[in-house]
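*Asks:* All the letters of the sequence shown, read from the start, carry residue numbers 3 to 182 under the working numbering. Glycine residues also receive a C-beta, built at the ideal position from the N, C-alpha and C atoms. In this text the structure is predicted, and so the values were computed from the model without any measurement.
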Amino acid sequence: GSTSTSLSVPSEYSVIGGLSTNTISTINLPSHLAALSSHAITETQDAVTLNINPRATEVILGYYALYHAKITTLHLTGVKKMEGIVFASCDYLTSIVFGLESTIETIPVNGFNGTRITEFVVPASIVHMDGQAFFFAKELQTISFAEGSQLKDIGQGAFQGCVALVNVDLSNATKLESIG
């Protein structure tokens, strides 16, 4: 069998891309990280823990940045922007945590496509939820919105294929103007 190891990205790197990991089980990203580029960490064979340094404040997650990575939990405290299909096919992903000071404004198209999350609290900073944001997140049961929600619109088919979805609590989404 393979030996799992930890990878700490050196401080001189501000953009990370092209890690197709077979033996890395933990990836520690530095506080000055600017971006995980397209296809940054993909097709992992073993479960990976991704630690974005909580002091990071301007991280951008590129298209397909974590495509099909076997990540179970994400702490997205320092993420400023996510581009489309960022967590697509992360079928081991069951927990996503945004910090209270989250500045992310958009949940992108197919952002959480095919994940296994069961509950999602939309951070107050989210203004737009693009179409198909949770496309075929088949185990998603509950969506709620953080107090002080800035959400203005939910795109068409944002929850398409979410066959287990039984509770959408819009009580904190007081600025919501359009759905679909």
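(1) Where does V88 sit, in a helix, a strand or coil, going by DSSP?
(2) Going by DSSP, what residue range makes up the beta strand (DSSP E) through V61?
(3) If I follow the unbroken beta strand (DSSP E) through T144, where does it start and stop?
(4) For the candidate residues N53, T59, V124 and N174, whose alpha-carbon lies nearest to that of T238?
(5) Grab the span of the beta strand (DSSP E) containing T105 for me, first residue to last.
(6) By the three-class DSSP mapping on this structure, what secondary structure does L68 have?
(7) Keeping to the same chain, check which residues put their C-beta closer than 7 Å to that of Q152; ignore five residues upstream and five downstream.
(8) Just curious, the beta strand (DSSP E) that I128 is in, first and last residue?
(9) Got a sec: does the ligand MN put a non-hydrogen atom nearer than 7 Å to the Cβ of Y65?
*Replies:* Put simply:
(1) coil
(2) V61 to L63
(3) T144 to F147
(4) Nothing about residue 238 can be read from this structure; the chain reaches only from 3 to 182.
(5) Going by DSSP, T105 is part of no beta strand (DSSP E) at all; its letter is neither H nor E.
(6) coil
(7) A126, S127, I128, V129 and K177
(8) Run containing I128: none; DSSP gives neither H nor E here.
(9) Among the components modelled here there is no ligand, and therefore nothing to report on the ligand MN.
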